[in-house]
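Undergrad: The structure under discussion is supplied below as structure tokens; questions concerning it will follow.
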Amino acid sequence: MLTLLLLLLLLLESLLLLLLLLLLLLLRGSRRAPQWSVTVTSSTGCTDS
896 MLTLLLLLLL LLESLLLLLL LLLLLLLRGS RRAPQWSVTV TSSTGCTDS
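Using the numbering used here, read the sequence shown as starting at 896 and increasing by one per residue.
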């Protein structure tokens, strides 16, 4: 029983770490997205002009 509980705790901790990493990646992506759009619009504007 103790070993099963320990395994479950380890699995939960690993899942929490994965969720935190995914959240960080999503936050970075959301922050980078507008920057990419701005660079694309500025480059297209320069080429159009």
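Built from N, CA and C at the ideal position, the CB exists for glycine as well.
Once the 5 residues before and after serine 909 are set aside, which same chain residues still bring their CB inside 7 angstroms of it?
TA: For serine 909, where only same-chain residues beyond five positions count, there are no Cβ hits under 7 angstroms.
Undergrad: Give me the Cα-Cα distance between serine 944 and leucine 920, rounded to the nearest whole angstrom.
TA: Per-residue confidence for serine 944 stands at a pLDDT of 48, beneath the threshold of 50, marking its modelled position as unreliable; no derived number is given.
Undergrad: Suppose the cutoff is 6 angstroms on Cβ atoms and the five residues either side in sequence are ignored; what does the same chain contact list for leucine 906 look like?
TA: none
Undergrad: Roughly how many angstroms lie between the CA atoms of arginine 923 and leucine 915, to the nearest whole one?
TA: 12 angstroms
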